[in-house]
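Peer 1: Let me begin by handing over the structure; questions about it come next.
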Amino acid sequence: MTRSTPIPETVTLHVPFRIVKRGGKKEMQMPECATHSQRTDNTLVKALARAFRWKRMLESGEYATIAELAEREAIAFTYMARVLRLTLLAPDIVEAILEGKQSSDVTLKWFMEPFPLEWRSQMALLS
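Residues in the sequence shown are numbered from 1 upward in steps of one, following UniProt numbering.
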């Protein structure tokens, strides 16, 4: 543009994206080629924190069983057992989740399904 070129009053910018549900919220998802900063999945981070807290409470002997702890926390035993599986994740995966570097497909709902216990298999599944 030069000084003699008039400045348009309206500029139209097209950004391809789609709306996806993530952790109970709607979120914009950019195309693969777009560069964007990752956001941490607060629902998943909170579940990780709870899982490690519950594990510590069980290992310390504060509660003898998952059922006893679930009753104390007023949470369904089955939900607590599934969340506790998060403590079996590879350290690299936990770190990626905490830094918001996991793929957008990796959500708490995804982890509520059975996943491999071997760390190498977990990494392969998530890459």
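Every residue, glycine too, gets a C-beta built ideally from N, C-alpha and C.
Quick one: give me the first and last residue of the alpha helix (DSSP H) that residue 106 is part of.
Peer 2: Position 106 of the sequence shown holds residue 106. Counting along the chain, residue 106 falls outside any alpha helix (DSSP H), and DSSP gives it neither H nor E.
Peer 1: Please tell me whether residue 126 and residue 47 are closer than 8 Å, where the distance is taken between their beta carbons.
Peer 2: Taking the first residue of the sequence shown as position 1, residue 126 is located at position 126. Taking the first residue of the sequence shown as position 1, residue 47 is located at position 47. No, Cβ-Cβ distance for residue 126 and residue 47 is not below 8 Å.
Peer 1: Measure from the alpha carbon of residue 30 to the alpha carbon of each residue in 105, 118, 114 and 123, then state which is nearest.
Peer 2: Locating residue 30 in the sequence shown gives position 30, counting from the first residue. The residue with the shortest Cα to Cα distance from residue 30 is 105.
Peer 1: If I follow the unbroken beta strand (DSSP E) through residue 55, where does it start and stop?
Peer 2: As a position in the sequence shown, residue 55 is number 55, starting the count at 1. Unbroken run through residue 55 is the alpha helix (DSSP H), 42-59; no beta strand (DSSP E).
Peer 1: Compare the beta carbon distance of residue 45 and residue 117 with 8 Å and say whether it is the shorter of the two.
Peer 2: Here the question's residue 45 lines up with position 45 in the sequence shown. Here the question's residue 117 lines up with position 117 in the sequence shown. Cβ distance not < 8 Å, so residue 45 and residue 117 don't count as in contact.
Peer 1: So, helix, strand or coil for residue 9, using DSSP?
Peer 2: Taking the sequence shown and counting its residues from 1, the one referred to as residue 9 is at position 9. Secondary structure at residue 9: coil, using DSSP grouped into helix, strand and coil.
Peer 1: Take the Cβ of residue 83 as the centre, count every other Cβ of all protein chains shown within 10 Å, and call the residue buried at 16 or more, exposed below.
Peer 2: Indexing the sequence shown from 1 puts residue 83 at position 83. Buried, because 16 or more other Cβ atoms sit within 10 Å of the Cβ of residue 83.
Peer 1: State the Cα-Cα distance for the pair residue 92 and residue 9, rounded to the nearest angstrom.
Peer 2: Locating residue 92 in the sequence shown gives position 92, where the first residue counts as 1. Locating residue 9 in the sequence shown gives position 9, where the first residue counts as 1. Their backbone Cα atoms lie some 49 Å apart in a straight line.
Peer 1: Grouping DSSP H, G and I as helix and E and B as strand, with all else coil, what is residue 1?
Peer 2: Locating residue 1 in the sequence shown gives position 1, counting from the first residue. For residue 1, the pLDDT reaches just 49, beneath the cut-off of 50, and the residue's location in the model is therefore unreliable, leaving the point undetermined.
Peer 1: Give a yes or no on whether the C-beta atoms belonging to residue 19 and residue 25 are separated by under 8 Å.
Peer 2: Numbered from 1 along the sequence shown, position 19 holds the residue referred to as residue 19. Numbered from 1 along the sequence shown, position 25 holds the residue referred to as residue 25. Taking 8 Å as the Cβ cut-off, residue 19 and residue 25 do not qualify as a contacting pair.
Peer 1: Let's test the definition: count the other Cβ atoms within 10 Å of the Cβ of residue 110 and tell me whether it reaches 16, buried, or not, exposed.
Peer 2: Here the question's residue 110 lines up with position 110 in the sequence shown. The residue in question, residue 110, is exposed, as its Cβ has fewer than 16 Cβ neighbours within 10 Å.
Peer 1: On the DSSP bridge list, what partners appear for residue 20?
Peer 2: For the purposes of this step, residue 20 is identified with residue 20 of the sequence shown, where counting begins at 1. 27.
Peer 1: Given residue 51, which residues of its chain have a CB within under 6 Å of its CB, disregarding the five upstream and five downstream residues?
Peer 2: Translated into the one-based positions of the sequence shown, residue 51 becomes position 51. The residues are 83, 84, 86 and 87.
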